[in-house]
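Trainee: If you scroll down you'll find the structure; I have some questions about it.
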Amino acid sequence: MSGGGSLERERRQAYLLVAPAVLVLVGVALYPILAAVWLSLHRFILVFGERRFTGLDNFAFLLSDSRFWSALGNTAYFTLVAVTVELLLAVPLALLLNRAFPGRGLLRASVLVPWAIPTVVSARLWAWMFNPEYGVINRLLPGPDINWLGAPGYALHAAILVDVWKTTPFVALLVLAGLQGIPEDLYKAARVDGASTWRMFRSITLPLLKPALLLALLFRSLDAFRVFDAIYVLTEGGPANTTETLSIYAYKTLMRSGDFGYGSALSVATFLCVVVLAAVWLRLLGREEVSR
Amino acid sequence: MKRPGLGTALAVVAFLTFFLGPFFWQVLTSLWPDGELTRPWPSHLTLESYASVLWGRPFLRVVANSLLVAALTTAFCLTMGAAAAFALAKLEFRGRGLLLSAALAVSMFPPIATVSPLYLILRAAGLRDSLIGLALPYATFALPLTLWVLTSFFRQLPDELYRAARVDGCTPFQAFRRVLLPLAAPGLATTAILVFIFAWNEFLYALTFLSTPEKRTVPVAISLFASEYREPWGEIAAASVVATLPLVVLTVLFQRRIVSGLTAGAVKE
Chain A
1 MSGGGSLERE
11 RRQAYLLVAP
21 AVLVLVGVAL
31 YPILAAVWLS
41 LHRFILVFGE
51 RRFTGLDNFA
61 FLLSDSRFWS
71 ALGNTAYFTL
81 VAVTVELLLA
91 VPLALLLNRA
101 FPGRGLLRAS
111 VLVPWAIPTV
121 VSARLWAWMF
131 NPEYGVINRL
141 LPGPDINWLG
151 APGYALHAAI
161 LVDVWKTTPF
171 VALLVLAGLQ
181 GIPEDLYKAA
191 RVDGASTWRM
201 FRSITLPLLK
211 PALLLALLFR
221 SLDAFRVFDA
231 IYVLTEGGPA
241 NTTETLSIYA
251 YKTLMRSGDF
261 GYGSALSVAT
271 FLCVVVLAAV
281 WLRLLGREEV
291 SR
Chain B
1001 MKRPGLGTAL
1011 AVVAFLTFFL
1021 GPFFWQVLTS
1031 LWPDGELTRP
1041 WPSHLTLESY
1051 ASVLWGRPFL
1061 RVVANSLLVA
1071 ALTTAFCLTM
1081 GAAAAFALAK
1091 LEFRGRGLLL
1101 SAALAVSMFP
1111 PIATVSPLYL
1121 ILRAAGLRDS
1131 LIGLALPYAT
1141 FALPLTLWVL
1151 TSFFRQLPDE
1161 LYRAARVDGC
1171 TPFQAFRRVL
1181 LPLAAPGLAT
1191 TAILVFIFAW
1201 NEFLYALTFL
1211 STPEKRTVPV
1221 AISLFASEYR
1231 EPWGEIAAAS
1241 VVATLPLVVL
1251 TVLFQRRIVS
1261 GLTAGAVKE
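Spelled out as structure tokens, the structure:
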């Protein structure tokens, strides 16, 4: 071995090994993002081929566009409620999965089923169950039949339910990974001290689970904020735009109206919201790391 | 194992019903005779919906399209990802942390943010409405996933293996090819499953970049199933079961691997 030369060679080979992946990431992620920002500064209608630089005009229009604000509101509401419900369901599910009982393997495998089903398929499946005339949900529920996907106020909550069904398992797995990192001795000691189950949960499980919970919160809220598939298939943003999220509004502007300038501005705005959300979460997470 | 208490049993039943109930309802709908969907219960079960989906529509073609795109994406990302993940896990070079953080950041992009430029790029390259062209933007999300999961797998392999191979005269690349890559086979399999499922399920890009009906992928085809006058629920259900069953089987069989992959990708260290 030739000391320094060998290290030098190792570094060169390292760059060669990562180069293809880096190039692809630049090509499919970095460049498109920058290009979207550039496009958002133009008036650009695809079919007319008209394209001219207009500076921040699109963003000025965006700030006065009530449809943008309502889409932002819908997205934020969807994210907040869906992620809260998912965490509230995932913790008991994870505690259950962490316990030894016959059939645990079966439960673990089956909670992954909704996760594996394509979102579009799960939206279709729920749309059938939500069907106002012969959907199973109206049949099971007492009282008058409800047009779940056609009535403002109901539709967004129906979409939240679909998201909860699909992604709670993933959150539960993250929480489970956190649970398995808690040393069993802590519980043994607490039991010797005569602590109740609830007390152990409050004083041991929950505090030690906090990093895992915050991480799940970060991942899930960024994911929920970009929701497209489920809502597009369930309602296409209707009724009366009450389920229109930022991604759906941007998609419609881009692909249905062919307005690439304003559509890009909406995409960039969605991107910026996600960046801000991520920055806030990472700050909270960072503080958590420090205080531990 | 302890005998479960009543509370545990009830909770298990409740969760199982919530997570599996809708899937079973879908399977039942797919077997429900077409004229009877308005009735609360089918009089008998039939495979009619499957027959009309598989032979009355170009659905097998659509399944083949999805298989092609998902296989291409998996092969593409694993080839590049394995090399990069090995370097990230075992070699010393500047920018390692930056590259991993960048990959993580990219996986959090809202896909809509890249749609307009990717559309223009694919159009200019003559790859719009092409299945091969579709596999390329799939790398936006599949490659970061590959990097994260595989890097954590390579990290789990002892450094001594790499050092021993180097002492025996291997170059870093030879150590990767001959020693570490074969040992990372379980990690590669896990990553392949995750990437495949991801690509099979992807909707927004497929909806945006493909326009010819014969080129659609499964999620797009299912989303556009509705006919003008009535929604063919039985056929939709049958198509959904066909599109989902392989994934459900895959998930149940490889449950442990999928879980370790998902948590390795998400919970670092």
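Residue numbers (this note's numbering), protein chains in the order written: chain A, 1 to 292; chain B, 1001 to 1269. The beta-carbon is built from N, C-alpha and C at its ideal position, and this holds for glycine as well.
1. Looking at the unbroken beta strand (DSSP E) that takes in A:R43, where does it start and where does it end?
2. Any beta carbon of chain B sitting closer than 9 angstroms to that of A:F68?
3. For A:A26, which of B:F1086, B:G1021 and B:T1140 has the nearest alpha-carbon?
4. Using the Cα positions of B:V1106 and B:L1006, report the straight-line distance between them to the nearest angstrom.
5. Whole angstroms are fine: how far does the CA of B:L1188 sit from the CA of A:E244?
6. Nearest chain B C-beta to A:T119 closer than 9 angstroms, yes or no?
7. Using the Cα positions of B:A1012 and A:Y232, report the straight-line distance between them to the nearest angstrom.
8. Rounded to whole angstroms, what's the CA-CA distance from B:A1199 to B:A1070? Just pull it up for me.
9. Interface residues of chain A around B:E1092 at Cβ under 8 angstroms?
10. Quick one: what does DSSP say A:R51 is sitting in, helix, strand or coil?
11. Checking 9 angstroms against the spacing of the C-beta atoms, do A:V164 and A:A109 come in under that value?
12. Exposed or buried, A:H42, counting other C-beta atoms within 10 Å across all chains shown (16 or more means buried)?
13. A:G286 versus chain B: which residues are under 9 angstroms apart at the beta carbon?
14. Mind listing which residues of the region 1125–1151 of chain B have their C-beta closer than 7 angstroms to chain A's C-betas, in chain order?
15. What is the residue span of the alpha helix (DSSP H) that B:H1044 lies within?
16. Among B:T1171, B:L1136, B:I1193 and B:T1046, which residue has its Cα nearest to the Cα of B:L1118?
17. For A:D65 and B:L1204, what's the separation of their Cα atoms in angstroms?
18. So, under 8 angstroms CB-CB, B:L1122 and B:F1209 are touching, yes? Tell me the CB distance rounded to an integer number of Å.
19. Would you give the residue range spanned by the alpha helix (DSSP H) that A:L30 belongs to?
20. Under 7 angstroms Cβ-Cβ, which residues of chain B neighbour A:A250?
21. With 9 angstroms set as the bound, which would you pick, yes or no: does the beta-carbon of B:Y1050 sit closer than that to a beta-carbon of chain A?
22. Decide if B:Q1156 is buried, meaning its Cβ has at least 16 other Cβ atoms within 10 Å, or exposed.
23. Are the region 128–146 of chain A and the region 179–187 of chain A touching by the rule of at least three beta carbon pairs closer than 8 angstroms?
24. Take B:L1020 as the anchor and find which of A:L266, A:V280, A:L284 and A:T168 has the nearest alpha-carbon.
25. Can you name the residues of chain A whose CB is closer than 9 angstroms to the CB of B:P1182?
26. Just mark B:L1010 as buried or exposed, buried being the case when its beta carbon has 16 or more other beta carbons within 10 Å.
27. State yes or no: is the beta carbon of A:A240 nearer than 9 angstroms to at least one beta carbon in chain B?
28. Residues in the region 1154–1187 of chain B with C-beta within 8 angstroms of chain A's C-beta atoms, listed in sequence order?
29. Using a Cβ cut-off of 7 angstroms, pull out every chain B residue sitting near A:M200, in sequence order please.
30. When Cβ atoms are compared, which residues of the region 85–99 of chain A fall closer than 8 angstroms to chain B?
31. Does the region 148–164 of chain A touch the region 253–260 of chain A, meaning 3 or more C-beta pairs lie closer than 8 angstroms?
32. Let me check one thing: in DSSP terms, what residues is A:D259 bridge-paired to?
33. Just how far apart, CA to CA, sit A:S267 and B:V1115?
34. Given that a residue counts as buried once 16 or more other Cβ atoms are within 10 Å of its Cβ, and exposed if not, what is B:T1251?
35. Taking three-plus beta-carbon pairs below 8 angstroms as touching, is the region 207–216 of chain A in contact with the region 129–136 of chain A?
Mentor: Answer, in terms of the structure:
1. H42 to I45
2. no
3. A small fix is needed here, since residue 26 of chain A is Val in this sequence, not Ala. Closest by alpha carbon: B:T1140.
4. 45 angstroms
5. 39 angstroms
6. yes
7. In the sequence under discussion, the amino acid at residue 1012 of chain B is Val, which differs from the Ala named in the question. Distance between the alpha carbons of B:V1012 and A:Y232: 32 angstroms.
8. 5 angstroms
9. L7, E10, R11 and A14
10. strand
11. no
12. buried
13. Ordered by position in chain B, no residue passes the 9 angstroms Cβ test against A:G286, which lies about 13 angstroms from the chain.
14. L1136, P1137, A1139, T1140, L1143 and L1147
15. Looking at the DSSP string, B:H1044 is not in any alpha helix (DSSP H), and its letter there is neither H nor E.
16. B:L1136
17. 24 angstroms
18. 6 angstroms
19. Neither: A:L30 is in no alpha helix (DSSP H) and is coded neither H nor E.
20. I1112
21. no
22. exposed
23. no
24. A:T168
25. None at all; the shortest Cβ gap to chain A is about 17 angstroms.
26. exposed
27. no
28. R1166, V1167, T1171, P1172, F1173 and F1176
29. Within chain B, no residue comes near A:M200; the closest Cβ sits about 16 angstroms away, beyond 7 angstroms.
30. P92, L93, L96 and R99
31. no
32. A:I45
33. 8 angstroms
34. buried
35. no
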